[in-house]
Amino acid sequence: MCFPLTSIHHLSFLMFELSPKSPYYVLTAVVIFAPTIGYFDQLSKIITLKSSKVFNKQTAAIQMLSNYLRFIYWYFEPYKIYLIGQSIAVFSLQIISSIISLHFLDKEAENQQSFLLLNENTRHSYFHHFINALNVFNVKTILELIILLLILGSIILLIFAFLVFLIGVKSSTTFIILLSNVIDTTTSFPLFIKVVIYHEIEGISSVLMAQFLFGDLMKITMYSIQKLGPFLFGAILQLIIDSCLIASYVKQNYKQKGMLRRYFYVHNDEPNEFTVLLSK
1 MCFPLTSIHH LSFLMFELSP KSPYYVLTAV VIFAPTIGYF DQLSKIITLK SSKVFNKQTA
61 AIQMLSNYLR FIYWYFEPYK IYLIGQSIAV FSLQIISSII SLHFLDKEAE NQQSFLLLNE
121 NTRHSYFHHF INALNVFNVK TILELIILLL ILGSIILLIF AFLVFLIGVK SSTTFIILLS
181 NVIDTTTSFP LFIKVVIYHE IEGISSVLMA QFLFGDLMKI TMYSIQKLGP FLFGAILQLI
241 IDSCLIASYV KQNYKQKGML RRYFYVHNDE PNEFTVLLSK
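Residue numbers (the numbering used here): 1 to 280.
So, in structure tokens, the structure goes:
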């Protein structure tokens, strides 16, 4: 056995002797951070291209809402550390991605009217402006995002408090976690619509597609072992949706690469930087 492998072998035994639960800790870390891998890839593209167009606002909004509801549930019904850790990791990364995406907004978008400002000559009602102000997709600056998240978070807490008043803590927390799991299953819906319905795969990360499948399978495995029924139902439903999405993505990606190869063959042309990027 070569020296590096021998060293790793002895080091693993030493770690296990010092901390018998180290495999559990490693698995916990994998479960917590595995769902963020694809979003790190998306974040790197935002930074590399210096553009907010790569960022999927709908997916970010879904993830932030579903995990925020889980924070509320966890406060009253604490559950496994790796599950709440996963929620914290995904929620934090989406916040960071949103902030960086807003930083790289195109100048045209930056020059648009802020949702915090009212046009005196507008024909719309104040109610329309209020609803428009609560639309997370209308934010143009980091400050607006922070203010809006605080407002929406407070509104959700008030609604939850009203539910507790009506049906009690136990029923309210059960409803919250079920709602969170249903919302979580729609994480890939924006990409599903783009890929499966509109047949567009430009700007979509293959790493993110792989993460969807890997994450779904891992969640189903862990939820089955821990016998977490509500979580398991959502994970199975999400696997079905993601499987259709991934199959369509692979098919279209293969078709696109084939078209590029035929184009180069017919025109006897060398691929440029743009076509190489498309073929990846």
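Backbone N, C-alpha and C define an ideal beta-carbon position, used for all residues, glycine too.
Where residue i falls, given that 16 or more other Cβ within 10 Å makes a residue buried
| i | result |
| --- | --- |
| L93 | buried |
| I99 | exposed |
| Q113 | Bear in mind that a pLDDT of 48 at Q113, under 50, signals an unreliable position, so the model cannot answer this. |
| L117 | Caution applies to L117, whose pLDDT of 48 falls short of 50 and renders its modelled position unreliable; the model cannot decide the point. |
| K219 | buried |
| V250 | exposed |
| G215 | buried |
| L191 | buried |
| F162 | exposed |
| L166 | exposed |
| T221 | exposed |
| V139 | buried |
| V169 | exposed |
| S172 | buried |
| L143 | exposed |
| L150 | exposed |
| L83 | buried |
| L157 | exposed |
| L49 | exposed |
| N135 | exposed |
| I159 | exposed |
| Q238 | buried |
| L277 | Because L277 sits at a pLDDT of 47, beneath the cut-off of 50, its placement in the model cannot be relied upon, and the following sentence gives the value as read from the coordinates. So L277 counts as exposed. |
| G229 | exposed |
Of the residues the options, the one placed nearest residue i, counting alpha carbons only
| i | options | result |
| --- | --- | --- |
| Y254 | L150, G215, E202, I177 | E202 |
| Y198 | I100, S248, S97 | S248 |
| N181 | L65, K50, G234 | G234 |
| D184 | T59, T48, I81, V54 | T59 |
| I176 | K53, S66, P78, I88 | S66 |
| I46 | K57, Q63, S101 | S101 |
| Q226 | Y79, S172, K170 | Y79 |
| S188 | V169, A210, G153, S171 | A210 |
| L152 | M64, I193, S97 | M64 |
| H40 | I146, I96, I147 | Just to set this straight, residue 40 is Phe in the shown sequence, not His. F40 has its Cα closest to that of I96, out of I146, I96, I147. |
| N56 | L179, I193, L237, C244 | I193 |
| E200 | I81, L43, Q256 | Q256 |
Nearest-angstrom Cβ-Cβ length linking residue i and residue j, presumed shorter than 8 Å
| i | j | result |
| --- | --- | --- |
| V195 | I204 | 7 Å |
| G38 | V207 | 5 Å |
| Y73 | F91 | Rounded, the Cβ-Cβ distance is 13 Å, inconsistent with contact. |
| I246 | L213 | 6 Å |
| F104 | S52 | 5 Å |
| S87 | F71 | 7 Å |
| L217 | Y223 | No, L217 and Y223 are not in contact; Cβ-Cβ is about 11 Å, not under 8 Å. |
| T36 | A89 | 5 Å |
| I62 | T186 | 6 Å |
Exercise. Mind pulling the alpha helix (DSSP H) runs of 4 or more residues that sit fully within the segment 32 to 89?
Worked result: 37 to 49, 57 to 76
For this session: Jot down the residue ranges of each uninterrupted alpha helix (DSSP H) in the segment 144 to 211, minimum 4 residues, whole runs only, in chain order.
Result: 169 to 184, 189 to 192
Exercise. Could you give the uninterrupted runs of the beta strand (DSSP E) lying entirely in the segment 206 to 255, keeping only those of 3 residues or more?
Worked result: none
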